[in-house]
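Below is one structure, written out as structure tokens; the observations come after it.
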Amino acid sequence: MRRTAEQINSDATSGPPEGVPAKGFMMLIDPDKGQGLAITLFETEDDLRTGDEALNSMNPPGEGLGHRVSVEMYEVGVDARI
Numbered sequence: 051m052r053r054t055a056e057q058i059n060s061d062a063t064s065g066p067p068e069g070v071p072a073k074g075f076m077m078l079i080d081p082d083k084g085q086g087l088a089i090t091l092f093e094t095e096d097d098l099r100t101g102d103e104a105l106n107s108m109n110p111p112g113e114g115l116g117h118r119v120s121v122e123m124y125e126v127g128v129d130a131r132i
């Protein structure tokens, strides 16, 4: 999980994958449980739908990362990064 997260972090320096009009991305991992949670931020609902379609057609990079189990969509209620 850590190795794959490092690979994604390295790839992210060139921006989001083609077809994903994301404005932000965060990946939370629990290597002990082998679980992760990816949070992708989009500017508009249209961007979200476009990005969701593109992400559904992709496979996670690297071995051992698994696959998308579920997708949920939320509005940002608070953004309090420090």
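Under the numbering used here, the first residue of the sequence shown is numbered 51, with each subsequent residue one higher. Idealized CB from N, CA, C, for every residue including glycine. Just so you know, these numbers come straight off a predicted model, no measurement behind them.
**Message:** Suppose you measure from the CA of F75 to the CA of Q57; what does that come to, to the nearest Å?
**Reply:** 14 Å
**Message:** Quick check: the Cα distance between T63 and P71, rounded to an integer number of angstroms?
**Reply:** Rounded to the nearest whole angstrom, the CA to CA distance from T63 to P71 is 15 Å.
**Prompt:** Buried or exposed: which applies to T54, given that a residue is buried once 16 or more other Cβ atoms fall within 10 Å of its Cβ?
**Reply:** buried
**Closest by C-alpha distance to V119, when choosing among N106, V128 and L78** = N106
**Request:** Measure the beta-carbon distance from G86 to M77 and round it to whole angstroms, keeping in mind my assumption that it falls under 8 Å.
**Result:** 6 Å
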